[in-house]
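Notes for the one structure printed next.
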Amino acid sequence: MFAIAKQKLMPVVIINDVSQAEPLREALKQGGIFTAEVTLRTPNALRIIKIMSEDPDFCVGAGTVLSPGDVDKAQSAGAQFAVSPGLSIAVADECDRAAMPHFPGVATPTEIQRARDLGFNELKFFPAEALGGAQYLKAVVAPFHDMKFIPTGGINLSNVDSYLAVPQVLAVGGSWIVSEKLLAAGDFSAVTSLSREALAQMNSHSS
Numbered sequence: 099m100f101a102i103a104k105q106k107l108m109p110v111v112i113i114n115d116v117s118q119a120e121p122l123r124e125a126l127k128q129g130g131i132f133t134a135e136v137t138l139r140t141p142n143a144l145r146i147i148k149i150m151s152e153d154p155d156f157c158v159g160a161g162t163v164l165s166p167g168d169v170d171k172a173q174s175a176g177a178q179f180a181v182s183p184g185l186s187i188a189v190a191d192e193c194d195r196a197a198m199p200h201f202p203g204v205a206t207p208t209e210i211q212r213a214r215d216l217g218f219n220e221l222k223f224f225p226a227e228a229l230g231g232a233q234y235l236k237a238v239v240a241p242f243h244d245m246k247f248i249p250t251g252g253i254n255l256s257n258v259d260s261y262l263a264v265p266q267v268l269a270v271g272g273s274w275i276v277s278e279k280l281l282a283a284g285d286f287s288a289v290t291s292l293s294r295e296a297l298a299q300m301n302s303h304s305s
């Protein structure tokens, strides 16, 4: 997904208030972020994906995609890609049938190799910090020079640079930019500020 690779940052969003969908999208855009993963962990996630996807300049994906049915519902709502916490053949097959980009989750060399055998070259790496952080990621992905990874889970501004230093990292996913606390407070200006701060740090890292 070119939008993810270009900005190297994918906010992971757990949101249920439908009225926040549009202001959240605009807050991210004002901060320079044009893609987000909305997890299917809340009752209104699909409605929120639908609203956020109405802007052609914004690329919204569905996270926590656990079944073929989730794939169909997410795509119908306007999601442009799917992210799963693990590797499911049924989900992978449905995404392939629907021509929907899919990032299955992996945590070990065996899982990475299995995903590679299935034709995947871009994977979610989860839960990154709990597994051992960037040091573990670097060691595990070293043999897979032809693959790219999106680490998520426990990543924030204090450790993001260590993940970006791993050559195989396509982008990083994180919830700190759109935390549940900020959403509860409706603090969209903070979302914009955190977006700008993160992108500035990442641009500094790449320069």
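If you're matching positions, the sequence shown starts at 99 in our numbering and goes up one per residue. The C-beta atom is built at its ideal place from N, Cα and C for all residues, glycine as well. On a predicted model such as this, the values are computed, not experimentally measured, just so you know.
Nonlocal neighbours in the same chain, by C-beta distance under 7 angstroms from residue i, ignoring five residues either side
{"i": "F224", "result": "P183, G203, A205, T250 and G251"}
{"i": "L216", "result": "A190"}
{"i": "G161", "result": "V110, E135, V136, T137, L138 and V181"}
{"i": "Q128", "result": "T290"}
{"i": "L126", "result": "P109, A134, V289 and S293"}
Euclidean distance between Cα positions of residue i and residue j
{"i": "E152", "j": "G284", "result": "21 angstroms"}
{"i": "R214", "j": "Q178", "result": "22 angstroms"}
{"i": "L138", "j": "D168", "result": "8 angstroms"}
{"i": "D244", "j": "E295", "result": "31 angstroms"}
{"i": "A188", "j": "A175", "result": "20 angstroms"}
{"i": "F286", "j": "G130", "result": "14 angstroms"}
{"i": "E259", "j": "G272", "result": "This sequence places Asp at residue 259; Glu is not what is there. Approximately 13 angstroms between the Cα atoms of the pair."}
{"i": "A232", "j": "A269", "result": "13 angstroms"}
Option nearest residue i by Cα separation, candidates the options
{"i": "A240", "options": "K148, N257 and V267", "result": "V267"}
{"i": "K171", "options": "E192, F156, P154 and F201", "result": "E192"}
{"i": "P154", "options": "S293, S277 and E124", "result": "E124"}
{"i": "A119", "options": "M300, A263 and V276", "result": "V276"}
{"i": "Q299", "options": "A103, L107 and I102", "result": "L107"}
{"i": "G159", "options": "S117, V116 and Q173", "result": "Q173"}
{"i": "S186", "options": "K222, F156 and C157", "result": "K222"}
Cβ neighbours of residue i in the same chain (closer than 6 angstroms, five flanking residues each side left out)
{"i": "A288", "result": "L280"}
{"i": "L297", "result": "G130"}
Contact test: residue i Cβ vs the ligand SAM heavy atom, cutoff 7 angstroms
{"i": "Q266", "result": "Ligands displayed in this structure: none; no statement on the ligand SAM is therefore possible."}
Cβ-Cβ separation, residue j to residue i (assumed contact under 8 angstroms), whole Å
{"i": "F201", "j": "E220", "result": "6 angstroms"}
Validate contact between the region 170 to 183 and the region 207 to 215 using beta carbons, cut 8 angstroms, 3 pairs: Under the Cβ criterion (8 angstroms, minimum of three pairs), the region 170 to 183 does not count as touching the region 207 to 215.
Three or more C-beta pairs below 8 angstroms linking the region 104 to 113 and the region 140 to 148: The region 104 to 113 vs the region 140 to 148: in contact.
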